[in-house]
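What follows is one structure encoded as structure tokens, with my remarks underneath.
2 protein chains.
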Amino acid sequence: MRRIGALVFEGFELLDLFGPLEMFGIHDEDFAPVIIAEGAGPVASAQGPRVAVDARLDAPPPFEILLVPGGRGVRREVGNARLTGWVAEAAKRAEMVLSVCTGAALLARAGVLDGRRATTNKRAFDWVVRQGPKVDWQRRARWVEDGHVITASGVSAGMDMSLAAIGRLLGKEAARDAARQAEYLPHCSPEDDPFARAEPAALRG
Amino acid sequence: MRRIGALVFEGFELLDLFGPLEMFGIHDEDFAPVIIAEGAGPVASAQGPRVAVDARLDAPPPFEILLVPGGRGVRREVGNARLTGWVAEAAKRAEMVLSVCTGAALLARAGVLDGRRATTNKRAFDWVVRQGPKVDWQRRARWVEDGHVITASGVSAGMDMSLAAIGRLLGKEAARDAARQAEYLPHCSPEDDPFARAEPAALRG
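If you read the protein sequences in the order shown, they are chains A and B.
Following this note's numbering, the numbering of the first sequence begins with 751 at its first residue and continues without gaps.
Following this note's numbering, the numbering of the second sequence begins with 751 at its first residue and continues without gaps.
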């Protein structure tokens, strides 16, 4: 059983957090989430719904996987030295570090991505790049794996990244089974990034 | 501005609820969610994370869209006459009624689907069918629209259904924009149901 320490802050993006926790949660005999925040919560997402907090930054339980979502709140939290300091320490201890969307900016500001390849979402790409000048940013990638650190591009890409992580930890059949149970048709390759092109066919008018 | 009354109960499926609320939430000038539950909450999902409750069944605020997720808790809640009675009344007043996955079983037990075409997820299909003998169940469909009632198949299909609903309410370009911002490649047709076939190519070993 691996515990997933999922960091939340006011203005986190709903699907950045809950897309991955759905995919991992399908294998609930292997993964257990813990929602971690600076305060006691509940913490409001960018879309409004509030999540209850299981543990505070100053007393987190042990966990093996660190998950950092993005969302509009990241613009504020990159300046929160207590939070980025915690991320730096937590990432050192974790077996695997995952970010979704602009969550990569928090990893970057914590120094976790220095010297690594990483990605983030398309719409805030240039801003995120400025948070990590020592990072080898990949503009075209559904997700990027560099050792134990995996960064996903925008929002929905977090589900694909999570399936890739499940594949590494439990095997490919476990990842396929999670996708099947969620009736989710995954992007199975990190290079399969339709949003890096001009416009995906499915979204043409 | 339309309010989305999102019903939750212990054991709701994370992505059934938050996939749709992500898609609607991208247009937060047009949609505002309200999390509604029988008790004061917070309410634990099937995957563990708990959502805070905005309003209780006995004092809900007005809303235009009713959203009913599925999840393992549905097996218990189909026998909760207070809950299904509330769903029946809420569905009568709503401009649009949406369910995801086994959430259709709650609509069925509330009588909302009687005489209508509807769908649900693949893995609990036969059980859900037994909850609504007067429903015209569609085994192959990513989602089914019958008037103001839209039912989605399993988990991830809720995102496609939500984009279809956004398309109906705000126009197709608004739906495409939500998909783009979430970097989500949608199933754009209700007949595009890869999980009704033997095995989607992406999930073959």
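Backbone N, C-alpha and C fix where the C-beta goes; we use that ideal spot for every residue, glycine too.
- The bridge partners DSSP lists for ALA756 of chain A are A:ILE785, A:LEU817.
- Under a criterion of Cβ atoms nearer than 7 Å, the residues of chain A adjacent to SER903 of chain B are, in order, GLU933.
- Here SER795 of chain B is bridged, per DSSP, to B:PHE762.
- Using a Cβ distance threshold of 7 Å, PRO940 of chain A and ALA891 of chain A count as a contacting pair.
- With respect to LEU767 of chain B, PRO819 of chain B sits close: the two C-beta atoms are nearer than 7 Å.
- Taking the Cβ atoms as the reference, GLU788 of chain B lies roughly 5 Å from LEU807 of chain B, within the contact range of under 8 Å.
- When DSSP states are grouped into helix, strand and coil, LEU863 of chain B belongs to the coil group.
- At a C-beta separation below 7 Å, ALA952 of chain B has these neighbours in chain A: LEU935, PRO936, CYS938.
- Assignment of beta-bridge partners to SER849 of chain B by DSSP yields B:VAL818, B:THR901.
- ILE786 of chain A places its beta carbon less than 7 Å from that of ALA805 of chain A.
- Burial check for ASP943 of chain A: the Cβ neighbour count within 10 Å reaches 16 or more, so the residue is buried.
- Residue pairing of TRP887 of chain A in beta bridges, as defined by DSSP: A:ALA868.
- Take TYR934 of chain A, set aside five residues on each side of it, and the residues of its chain with a beta-carbon closer than 7 Å to its own are MET909, in chain order.
- Straight-line measurement puts the Cα of PRO792 of chain B at about 32 Å from the Cα of LYS842 of chain A.
- Within the same chain, and ignoring the five residues on either side of GLY882 of chain A in sequence, the residues whose Cβ sits closer than 6 Å to its Cβ are ALA858, LEU863.
- Per DSSP, the unbroken alpha helix (DSSP H) holding GLU839 of chain A starts and ends at 831-843.
- For GLN797 of chain B, the nearest CB of chain A lies under 7 Å from its own CB, placing it at the interface with that chain.
- Restricting attention to B:VAL850, B:GLU760, B:GLY775, B:VAL784, the CA atom closest to the CA of ASN871 of chain B is found in B:VAL850.
- Here the region 821-831 of chain A does not lie against the region 823-836 of chain B, with fewer than 3 beta-carbon pairs under 8 Å apart.
- Linking ARG918 of chain A to GLU772 of chain A through their CA atoms gives a straight-line distance of about 17 Å.
- Going by beta carbons, VAL784 of chain B and ARG752 of chain B fall outside the 7 Å limit.
- Within chain A, the residues placing a beta-carbon under 7 Å from that of GLY769 of chain B are LEU765, ordered along the chain.
- At a cut-off of 7 Å, the C-beta of ALA802 of chain A has a neighbouring C-beta in chain B.
- Within the model, the alpha-carbon separation for PRO812 of chain A versus ALA840 of chain A is close to 10 Å.
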